[in-house]
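Below is one structure, written out as structure tokens; the observations come after it.
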Amino acid sequence: MQSMTGFGRGERQGEGFVLQVEVKSLNHRFMEVLLRLPRRYQPLEERIRRVLKERFHRGRFEIQARLSGVPPATARVFADRDLLSQYLTLLRSLRAEFGLSGEIQLGDLLRLREIFDLSEEAPPLEELWEEFGPALEEALREVEEMRTREGAFLKKALEGLLEELSGWIERLAALKDSHLTEARQRLEERLRSLLADHGLDPVRLHQEAALLADRLDFTEELDRLRAHVRHFREVLEASGPCGRKLDFLCQEMFREINTLANKAASAEISHLAVEVKSTIEKMREQVQNLE
Numbered sequence: 001m002q003s004m005t006g007f008g009r010g011e012r013q014g015e016g017f018v019l020q021v022e023v024k025s026l027n028h029r030f031m032e033v034l035l036r037l038p039r040r041y042q043p044l045e046e047r048i049r050r051v052l053k054e055r056f057h058r059g060r061f062e063i064q065a066r067l068s069g070v071p072p073a074t075a076r077v078f079a080d081r082d083l084l085s086q087y088l089t090l091l092r093s094l095r096a097e098f099g100l101s102g103e104i105q106l107g108d109l110l111r112l113r114e115i116f117d118l119s120e121e122a123p124p125l126e127e128l129w130e131e132f133g134p135a136l137e138e139a140l141r142e143v144e145e146m147r148t149r150e151g152a153f154l155k156k157a158l159e160g161l162l163e164e165l166s167g168w169i170e171r172l173a174a175l176k177d178s179h180l181t182e183a184r185q186r187l188e189e190r191l192r193s194l195l196a197d198h199g200l201d202p203v204r205l206h207q208e209a210a211l212l213a214d215r216l217d218f219t220e221e222l223d224r225l226r227a228h229v230r231h232f233r234e235v236l237e238a239s240g241p242c243g244r245k246l247d248f249l250c251q252e253m254f255r256e257i258n259t260l261a262n263k264a265a266s267a268e269i270s271h272l273a274v275e276v277k278s279t280i281e282k283m284r285e286q287v288q289n290l291e
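With UniProt numbering applied, the sequence shown corresponds to residues 1 to 291, in that order.
Structure below.
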């Protein structure tokens with residue numbers, strides 16, 4: 001189990017250069033990778049994204065690289081021969097036309113910057129990866145370690161909240177029978193008062209009150225809440241990403257307690273339902289941080 005927050009830094013030192021890579025991991029519903037790389041390493045963007053997606057399942061990853069110095073490179077000088085020929089023809093023509101003295105020197109041509117171009121040949125991708133990959137790996141390892149530590153902390157917090165939730169559920173279960181008995185009695189009294197002048201049979205009156213009281217029975221909601229709690233524990237103990245599953249279970253538990261609260265016929269049960277909702281909200285806040 002991992003959280004989605006983490007930070008790591010890696011460094012690679014080579015001949016004439018130092019490369020630093022920082023990786024920051026934040027909460028996100030899906031997988032998102034943002035890259036800020038020196039131009040030299042931009043051809044590696046797709047490979048970096050692939051590495052992240054193979055290693056993690058959710059989170060927003062911000063990767064920043066800083067390059068100090070210059071790695072060994074292969075540079076080539078190009079000359080625009082057509083443009084150079086035009087310059088030479090023009091210079092010779094001007095010299096002849098105006099009777100100018102002196103020869104055209106190489107230094108004169110070097111000042112014509114538009115004729116010459118210095119370009120660096122792009123290194124092979126594997127060579128770039130040999131520079132970048134080790135620094136990225138070191139940073140990702142630190143991110144994983146931090147996410148794992150945070151995940152263990154979140155798991156412990158969720159286990160505590162799960163125990164708290166189970167306690168509230170059992171307190172509700174303990175009140176269920178008395179809740180139904182009191183509800184049936186109140187309904188009988190109300191029906192008797194409303195139908196006092198209609199001579200309703202007492203047996204029929206009791207049956208009608210029982211039918212109405214059954215609508216306030218929250219046994220099924222309690223059973224489903226207990227089942228969700230068991231499933232929640234199982235997911236917590238399983239390996240791999242679990243954030244989305246646990247978030248779904250929190251939503252289901254919230255739906256069940258809302259239904260139960262609507263059936264509540266006493267202030268005590270309403271109060272306990274509020275406590276259950278509060279605990280589920282706390283659980284969901286923690287779950288939002290899990291991968």
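By construction, the Cβ of each residue, glycine as well, lies at the ideal position given by its N, Cα and C atoms.
Check your understanding: Q286: buried (16+ other C-beta within 10 angstroms of its C-beta) or exposed?
Key -> buried
Point to revise | Within 8 Å, strictly: CB atoms of L52 and V33 | key: yes
Point to revise | Spatially closest choice to G59 from L35, G69 and K24, by CA coordinates | key: Ranking the options by Cα distance to G59, first place goes to K24.
Review point. From what residue to what residue does the alpha helix (DSSP H) around Q20 run?
Key: Looking at the DSSP string, Q20 is not in any alpha helix (DSSP H); the run it does join, the beta strand (DSSP E), is F17 to L26.
**Study point:** Test item: CB-CB of E142 and R9 under 8 Å
**Key:** In this structure, R9 lies closer than 8 Å to E142 by Cβ.
Check your understanding: Using 8 Å as the threshold, is the segment 214-231 in touch with the segment 151-169, meaning 3 or more CB pairs across them?
Key -> With a cut-off of 8 Å, the segment 151-169 and the segment 214-231 count as touching, because enough Cβ pairs lie within range.
Exercise for review: Using the Cα positions of E11 and R40, report the straight-line distance between them to the nearest angstrom.
Suggested key: 16 Å
Practice item. Could you have a look at V70 and say whether DSSP puts it in helix, strand or coil? Key: coil
**Study point:** Span of the alpha helix (DSSP H), counted from its first residue to its last, around residue 297
**Key:** In the structure as shown, the chain starts at 1 and stops at 291, and residue 297 therefore has no counterpart that could be examined.
Review point. So, is L110 buried or exposed, given that buried needs 16 or more other C-beta atoms within 10 angstroms?
Key: exposed
Exercise for review: Can you tell me which of P134, E220 and N289 puts its alpha carbon nearest to the alpha carbon of residue 375?
Suggested key: The structure shown has nothing for residue 375, since the chain only spans 1 to 291.
**Study point:** Range of the contiguous beta strand (DSSP E) that encloses F98
**Key:** Element bounds for F98: not the beta strand (DSSP E) but the alpha helix (DSSP H), R81 to F98.
Exercise for review: Figure out for me which residue from M283, T181, E144 and K263 has the closest Cα to the Cα of M4.
Suggested key: E144
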